[in-house]
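First comes the structure, then the notes that go with it.
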Amino acid sequence: MKPAKKETGRSAPSTQRRVTRDLVDFKARATSRGGTYGLQIVNISPLGLMARVESPLSAGDHLLIELPHVRSIESVVRWAEDGRIGVEFARGIDADHYAMMLTFMPQRQTSW
Numbered sequence: 001m002k003p004a005k006k007e008t009g010r011s012a013p014s015t016q017r018r019v020t021r022d023l024v025d026f027k028a029r030a031t032s033r034g035g036t037y038g039l040q041i042v043n044i045s046p047l048g049l050m051a052r053v054e055s056p057l058s059a060g061d062h063l064l065i066e067l068p069h070v071r072s073i074e075s076v077v078r079w080a081e082d083g084r085i086g087v088e089f090a091r092g093i094d095a096d097h098y099a100m101m102l103t104f105m106p107q108r109q110t111s112w
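Each residue of the sequence shown is one higher than the one before, starting from 1 at the first, in full-length UniProt numbering.
Written out as structure tokens, the structure reads:
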């Protein structure tokens, strides 16, 4: 008989998400009081994104991210780990604008 798995109290990130993310490969720019940062967006949804970043950003940092068609969107870094950040948009992107924005972003085949 296999031992029971321990409960960690945390769900996998994909089960915590409220909406599905689209895999993309897009360079964007973000600004905050600390300066301007280059982002390599790996996945995105109407509510947030995950990106690679070389600059030191921390959970709680407020960013203004420039996205195609949507222009600038206020956001907050929710987590930062190993050169990646998870960002939540202050306001979700409506479906029509989101669909148009995706036409400007090359799709990625793998999640990393």
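Beta carbons: idealized from backbone N, C-alpha and C, even for Gly. Remember, it's a predicted structure, so these values are computed and weren't measured experimentally.
Can you tell me where the alpha helix (DSSP H) with D22 in it begins and where it stops? Position 22 of the sequence shown, counted from the first residue, corresponds to residue 22. Careful: D22 lies outside any alpha helix (DSSP H), inside the beta strand (DSSP E) at 22-32.
Open item on the list: Buried or exposed, going by whether 16 or more other CB atoms sit within 10 Å of the CB of M105?
Closed with: Here residue 105 corresponds to residue number 105 of the sequence shown, with the count starting at 1. It counts as buried.
To which residues of the same chain is L49 closer than 6 Å at the C-beta, ignoring the five residues directly before and after it?
-> Here residue 49 refers to the residue found at position 49 when the sequence shown is read from its first residue. So the qualifying residues of the chain are I41, V87.
Would R84 and R52 be called neighbours here (beta carbons separated by less than 8 Å)?
Working through the sequence shown from its first residue, we reach residue 84 at position 84. Working through the sequence shown from its first residue, we reach residue 52 at position 52. Cβ distance < 8 Å, so R84 and R52 count as in contact.
Since I believe A90 is in contact with S75 (beta carbons under 8 Å), could you give me their beta-carbon distance rounded to a whole number of angstroms?
For this step, residue 75 is matched to residue 75 along the sequence shown. For this step, residue 90 is matched to residue 90 along the sequence shown. Right, their Cβ atoms sit about 6 Å apart.
- Message: For a test of the three-state rule: what should DSSP assign to M105, helix, strand or coil?
- Response: In the sequence shown, counting from the first residue as 1, residue 105 sits at position 105. Here M105 sits in coil by DSSP.
Return the bridge partner residues of G38 from the DSSP annotation.
Here the question's residue 38 lines up with position 38 in the sequence shown. Answer by DSSP bridge pairing, in chain order: R29.
Worksheet entry | N-terminal and C-terminal residue of the beta strand (DSSP E) that S72 is part of | On the sequence shown, position 72 is the one that residue 72 refers to. Counting along the chain, the beta strand (DSSP E) containing S72 begins and ends at 71-81.
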